[in-house]
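A.B. asks: Quick note on numbering: the sequence shown equals residues 1220 to 1488 in our numbering. We put the CB at the ideal spot given by N, CA and C, even for glycine. Sharing a structure below in C-alpha cells format, with a few things to ask.
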Amino acid sequence: MISPRHFGWLVVDKVATITLNRPERKNPLTFESYAELQAVFEQLCYERDIKVVVITGAGGNFSSGGDVHDIIGPLVAMRERKDVDGLLRFTQMTGNVVKAMRRCPQPVIAAVDGVCAGAGAILAMAADVRLGTPASRVAFLFTRVGLSGADMGACAMLPRIIGQGRAAELLYTGRWMTSEEAMQWGFYNRLVPADTLVIEAARLAKSLADGPTASHAVTKACLHREWAMGLDEAIDAEAEAQARCMLGNDFARAYHAFVAKQAPVFEGD
C-alpha cells in the first residue's frame, strides 16, 4: 500500500491525488520528498486500481522547487568538500523522479496554481497534461543559482512542449513564464479559475479513469518511446501497439455498445 509521509496522498474513484503540502514555504521539495515521489511513481506500475494521477500543491501554489535550506545548503556543503559522488547521487535521484513519472502507466495531470518554479516546474513539465490558473507562473530558475538549465530532462522535454527557441530563452534566463504565455505556447492544456482548478483536474482525471485505461497506458508508452524513433519506425511500433489493444476486451465492449446504441462502459482490460 502506498502511504507517503512527505506529501498528501488520496485515492478516490481510481484517481490518486498527490498534494505537495508545505504551504507556508510554497511547497518546496526536500531530499525525503524527492525520494518518496520516485518510490510512489515506481510503485504505481503495480497498482491496478489506480488509473490516473493528479499532482498539485497546497495553499495557492504548486511548488517553489528545491528547499533552499534543506537542499541547496547541503549541496553547497558537498561542493565545498568536493563530494562529486554525493552531488551526482542527488542529480541522478531527482532525474529518477522524472523517469518514474514517465514510466508509470497512468496519465499524470498537473494542476498548477501560483508559483511553479525550479524542480516544481520540472514536475509540471513531466506530467502528461497541465492545467493552470491565471495566477500561475512558471520558471526554470536553475541559472539564477549559477547552474545550467539542463536539469531533470528539461533540455529534452521542454523544447518538445513549447518549442526550441522559447525553451532556450526560459532555460538561459530563468525568467517567469506568465500564464498567458504558458497557454499560448502549449505548456498548459487550458487555464481555469483558481477556485475550480482541483475540481477541473479531478473531472478530467475521472473521465480518463473511466476510459479504456489499458489503452491509455499504451498511448503514454508510445508518446514516451517515440521521441527517439524515426517516423517509419514509429508507425511500425504503433501498428504493433494498436493490434495488441484490439485483443483487449474494451475494444469489443466499444463495438457492442455502438451496435446497441449505448455508451460503452470500459473496464481497462
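Around the Cβ of F1477, are there at least 16 other Cβ atoms within 10 angstroms (buried) or fewer (exposed)?
C.D. replies: Burial call: exposed.
A.B. asks: What are the boundary residues of the beta strand (DSSP E) that includes L1350?
C.D. replies: Run containing L1350: V1348 to G1351, per the beta strand (DSSP E) assignment.
A.B. asks: V1411 lies in the alpha helix (DSSP H); which residues open and close that run?
C.D. replies: Element bounds for V1411: n/a, residue is neither H nor E.
A.B. asks: Just the C-alpha distance for A1235 and V1271, rounded to the nearest angstrom, thanks.
C.D. replies: Answer to the nearest angstrom: the Cα atoms are 6 angstroms apart.
A.B. asks: Do G1368 and W1404 have their beta-carbon atoms positioned less than 8 angstroms apart in this structure?
C.D. replies: Cβ distance not < 8 angstroms, so W1404 and G1368 don't count as in contact.
A.B. asks: Figure out for me which residue from G1449, T1432 and T1415 has the closest Cα to the Cα of V1484.
C.D. replies: Selected option, being the one with the closest Cα: T1432.
A.B. asks: Taking just the CA atoms, how far does A1319 sit from F1260?
C.D. replies: Computed Cα separation, rounded: 5 angstroms.
A.B. asks: Span of the alpha helix (DSSP H) holding V1303?
C.D. replies: Counting along the chain, the alpha helix (DSSP H) containing V1303 begins and ends at V1303 to R1322.
A.B. asks: Can you list, in chain order, the residues of its chain with a C-beta nearer than 6 angstroms to that of A1329? Leave out the 5 residues immediately preceding and following it.
C.D. replies: Excluding positions up to five away in sequence, the list reads I1274, A1343, A1346 and R1349.
A.B. asks: So who's on the other strand from G1430, going by DSSP bridges?
C.D. replies: According to DSSP, which records beta bridges pairwise, G1430 is partnered with nothing at all.
A.B. asks: Ends of the alpha helix (DSSP H) at C1374?
C.D. replies: A1373 to I1381 is the span of the alpha helix (DSSP H), which, as asked, contains C1374.
A.B. asks: Restricting to runs no shorter than 4 residues, where is the alpha helix (DSSP H) found entirely within the stretch 1246-1276?
C.D. replies: Within the stretch 1246-1276, the complete alpha helix (DSSP H) runs of at least 4 residues are 1250-1262.
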